[in-house]
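Below is one structure, written out as structure tokens, with a few remarks after it.
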Amino acid sequence: MRIALFEPEIAGNVGGILRLGACMGTAVDLIEPMGFAWDDKRVRRAAMDYIDHVTIARHAGFDAFRSTIGARRLVLFTTKATQSVYDFAFEADDVLLFGKESAGVPAAVAEVCDAGVRIPLRPEVRSLNLATAAALALGEALRQTGGLPG
Numbered sequence: 001m002r003i004a005l006f007e008p009e010i011a012g013n014v015g016g017i018l019r020l021g022a023c024m025g026t027a028v029d030l031i032e033p034m035g036f037a038w039d040d041k042r043v044r045r046a047a048m049d050y051i052d053h054v055t056i057a058r059h060a061g062f063d064a065f066r067s068t069i070g071a072r073r074l075v076l077f078t079t080k081a082t083q084s085v086y087d088f089a090f091e092a093d094d095v096l097l098f099g100k101e102s103a104g105v106p107a108a109v110a111e112v113c114d115a116g117v118r119i120p121l122r123p124e125v126r127s128l129n130l131a132t133a134a135a136l137a138l139g140e141a142l143r144q145t146g147g148l149p150g
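Quick note on full-length UniProt numbering: the sequence shown kicks off at 1 and runs consecutively.
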């Protein structure tokens, strides 16, 4: 299982997701351009020393990223989906894709994903923080596939 971030904009979110990947044994793909410099202190501050325990792959764009994942399913997390993450059957080699904080992913990216799922929220709010959403999604996916560590 992998987490992929499409054009992330906030260094602290990326750092938190890198820490999540380290703790759960999940690689993280970063699809550029990013909204901050990779050497941003905020990435390391959020990831802390956990950054040394996660596999990170950076990709020059979505097409470059797609060429590296092979036949793996690409599961998009989006507020526009109708299927709940808790009703979706994950597979151990899925790639969990999250869009940029301000706009998600463009329609062309959403169209090539194998599935779209959402995290159920109260109707009066828009969305979760990216790192929080990734943690909820990864936890459910790993629980379903028997991939939780420890």
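C-beta atoms are modelled at their ideal positions from N, C-alpha and C, and glycine is treated no differently.
> Using a Cβ-Cβ cut-off of 8 Å (strictly less than) and excluding sequence neighbours within five positions of E91, which residues of its own chain qualify?
Replying inline: For the purposes of this step, residue 91 is taken as the residue at position 91 of the sequence shown. Once the five neighbours on either side are set aside, the close Cβ partners of E91 are R73 and T145.
> Within this structure, are the beta carbons of E32 and H53 separated by less than 8 Å?
Replying inline: In the sequence shown, the residue the question calls residue 32 occupies position 32. In the sequence shown, the residue the question calls residue 53 occupies position 53. The answer is no: Cβ separation not under 8 Å.
>> DSSP three-state label for F65, please.
In response: Along the sequence shown, one-based indexing puts residue 65 at 65. It is helical.
>> Checking the sheet assignment: what are the DSSP bridge partners for S84?
In response: As a working note, residue 84 is residue 84 in the sequence shown. R118, per the DSSP bridge assignment.
>> What does the Cβ neighbour count give for E124, buried or exposed, with the cut at 16 atoms within 10 Å?
In response: Walking along the sequence shown from the start, residue 124 turns up at place 124. The residue in question, E124, is exposed, as its Cβ has fewer than 16 Cβ neighbours within 10 Å.
>> Taking a contact to mean a Cβ-Cβ separation below 8 Å, would you say L97 touches F6 in this structure?
In response: If you number the sequence shown from 1, residue 97 lands on position 97. If you number the sequence shown from 1, residue 6 lands on position 6. A contact, by the Cβ cut-off of 8 Å.
> If you check the beta carbons only, do A131 and G16 fall under 8 Å apart?
Replying inline: Locating residue 131 in the sequence shown gives position 131, counting from the first residue. Locating residue 16 in the sequence shown gives position 16, counting from the first residue. Yes; because the gap between Cβ atoms is below 8 Å, this pair is in contact.
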